[in-house]
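**Q** Position 5 of the sequence shown, counted from 1, bears residue number 5 in this note's numbering, the numbering being contiguous throughout.
Glycine residues also receive a C-beta, built at the ideal position from the N, C-alpha and C atoms.
Below: one structure in structure tokens.
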Amino acid sequence: MTDSSELTSRVHLVTATPWQQAVDCYFNPDDDVDIDDLRFGFPGRWDAGDLFVVVTTDSHTPAIIVVEESETDSDATRSHEHTYMGPFDFGLSIAAVEARLATTLPAEAATLAPKLGERLLQAIESEASDPTSWRELDERGCLADVADWPPHDSWAPCACCGRHSYDGVELEQHALADEHEQEFFGFGPLTVCMPCHDRLHRPLAPGADDVMFGFRPLCPSCSAMRTFRVIWGMPAGPPGPGTDIAGCVITSPFTPEYRCGECDYVWTDDDEAYRPLPPEDTDARVRARIDTAPPGVYRPFSRVTEPGRVIVGDYMARQVSSSSAWGPGVVHEL
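Shown next as structure tokens:
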């Protein structure tokens with residue numbers, strides 16, 4: 001990126017819809033994501049060297065996803081661009097950038113006046129380095145909506161990560177505005193911890209159900225992401241979506257902790273529950289499991305399964321307790 005004070009190129013606003021496919025396009029390193037419906041809206045004319053500020057207009061919070069420099073002009077049969085700034089993780093709120101500018105930006109594709117274009121790049125750089133808290137703007141009206149609701153139940157855990165107030169987190173309520181979220185959770189506010197609430201209000205954040213399932217292990221059978229938690233006995237209150245109540249009678253050789261929402265496979269993460277199979281011709285054995293994707297690995301919106309990691313434990317003699325297989329392990333990416 002060059003110093004914006006020396007900027008001689010024009011700055012254009014470019015729209016991108018649908019926003020989930022725009023995110024997949026810019027953030028996913030693979031080539032197997034679904035971006036067939038991705039459409040960009042360009043201004044009438046531009047020159048090589050001009051800058052495109054790519055904005056998602058159909059997301060809950062309109063957001064800037066990337067700034068690109070055009071390598072071709074508008075008369076070229078095919079446009080080519082390279083990254084100038086970004087892409088910005090979870091987007092930069094247009095409202096936050098407008099607050100820094102003290103003016104509103106066009107809602108559609110447009111060519112900005114030179115001075116406004118320079119100021120916009122400076123505001124983008126400032127917002128990227130020090131993002132404005134969503135609580136200052138409350139673009140979705142979440143804080144105002146939940147103010148009229150009764151307080152959350154004291155026994156209720158965070159609907160996303162599952163932590164309780166006794167785990168040292170402060171719980172608050174999140175207003176569900178997305179139809180898909182309302183179909184999954186219902187129409188009332190969601191009890192969430194403050195960190196998860198902040199996650200849900202990132203400009204290009206996934207839905208609350210995707211955040212919830214993101215805390216859970218992948219299915220060892222089909223690698224699906226939507227894992228349901230299995231609760232045994234009688235919980236203190238309604239367990240909420242994403243959780244199964246299994247009763248008090250355990251009929252399997254182990255106590256299931258999770259159920260896959262895609263293939264119904266049930267399993268536990270307790271290593272002692274499974275009996276390792278020793279090889280036929282050696283006194284050593286090995287255990288392996290599928291673990292969740294490493295932190296920070298991007299999961300595209302268009303993908304419902306994600307290959308996990310095969311974690312291989314230490315080799316050990318048969319007489320040794322199976323728990324010792326989980327010393328320092330070797331991690332293999334699939």
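If I measure Cβ to Cβ from M212 and keep anything under 7 Å in the same chain, skipping five residues before and after, which residues do I get?
**A** Around M212: A159, C160 and G242.
**Q** Apply the 10 Å Cβ neighbour rule to G313 and answer buried if 16 or more other Cβ atoms are within range, or exposed otherwise.
**A** Unreliable positioning characterises G313 in this predicted model, as indicated by a pLDDT of 46, which lies under 50. The coordinate reading is nonetheless provided below. Buried is the call here.
**Q** Excluding the five sequence neighbours on either side, which residues of its own chain have a C-beta within less than 8 Å of the C-beta of V97, listed in chain order?
**A** I64, L105, L120, A123, I124 and E127, listed in sequence order.
**Q** Please report the straight-line C-alpha distance between D198 and Q173, rounded to a whole angstrom.
**A** The straight-line gap from Cα to Cα measures roughly 11 Å.
**Q** Could you check the C-alpha separation between T111 and H164 for me, to the nearest Å?
**A** Taking the straight line from one Cα to the other gives about 49 Å.
**Q** Are at least three pairs of beta-carbons, each pair with one atom in the region 43-51 and one in the region 136-149, less than 8 Å apart?
**A** With a cut-off of 8 Å, the region 136-149 and the region 43-51 do not count as touching, because too few Cβ pairs lie within range.
**Q** Should the region 215-229 be called in touch with the region 172-187, which here means at least 3 C-beta pairs below 8 Å?
**A** Output reads no: the region 172-187 does not touch the region 215-229.
**Q** Are the beta-carbon atoms of V14 and F52 separated by less than 8 Å?
**A** In this structure, F52 lies closer than 8 Å to V14 by Cβ.
**Q** Can you tell me whether DSSP reads S126 as helix, strand or coil?
**A** Three-state result, S126: helix.
**Q** Could you tell me the alpha carbon to alpha carbon distance between T132 and A246, rounded to whole angstroms?
**A** Each residue's Cα considered, the two are about 44 Å apart.
**Q** Out of T17, T61 and P150, state which residue places its alpha-carbon closest to the alpha-carbon of G207.
**A** Closest by alpha carbon: T61.
**Q** Measure the alpha-carbon distance for C260 versus F42 and round it to whole angstroms.
**A** If you take the alpha carbons of C260 and F42, they lie about 43 Å apart.
**Q** At which residues does the alpha helix (DSSP H) containing I94 begin and terminate?
**A** Note, I94: alpha helix (DSSP H), I94 to L101.
**Q** According to DSSP, which residues form a beta bridge with H174?
**A** Answer is L190, bridged to H174.
**Q** Would you kindly work out how many angstroms separate the C-alpha atoms of R78 and V11, rounded to a whole number?
**A** Looking at the two C-alpha atoms, the distance is approximately 19 Å.
**Q** Taking only the alpha-carbon atoms, compute the straight-line gap between T83 and P203 and give it to the nearest angstrom.
**A** For T83 and P203, the distance between alpha carbons rounds to 20 Å.
**Q** Beta strand (DSSP E) containing Y258: first to last residue?
**A** Per DSSP, Y258 belongs to the beta strand (DSSP E) from Y258 to C260.
**Q** State buried or exposed for P238, treating a residue as buried only when at least 16 other CB atoms are found within 10 Å of its CB.
**A** Exposed: under 16 other Cβ atoms inside 10 Å.
**Q** Once DSSP output is grouped into helix, strand and coil, what is the label at V55?
**A** It is a strand residue.
**Q** With distances taken from CA atoms, which of G44, F27, Q21 and Y26 is nearest D37?
**A** Cα-wise, what sits closest to D37 is Q21.
**Q** V66 lies in the alpha helix (DSSP H); which residues open and close that run?
**A** Careful: V66 lies outside any alpha helix (DSSP H), inside the beta strand (DSSP E) at A63 to S70.
**Q** Helix, strand or coil for W267 per DSSP?
**A** Three-state DSSP puts W267 in a strand.
**Q** To the nearest angstrom, how far is it from the Cα of D167 to the Cα of H152?
**A** Approximately 16 Å between the Cα atoms of the pair.
**Q** Kindly indicate which three-state DSSP category H180 falls into: helix, strand or coil?
**A** Three-state result, H180: helix.
**Q** Going by Cα to Cα distance, which pick from T57, A113, C219 and D138 is closest to A99?
**A** Comparing Cα-Cα distances from A99 to each of T57, A113, C219 and D138, the minimum goes to D138.
**Q** DSSP state of H152, grouped into three classes?
**A** Residue state, collapsed to three classes: coil.
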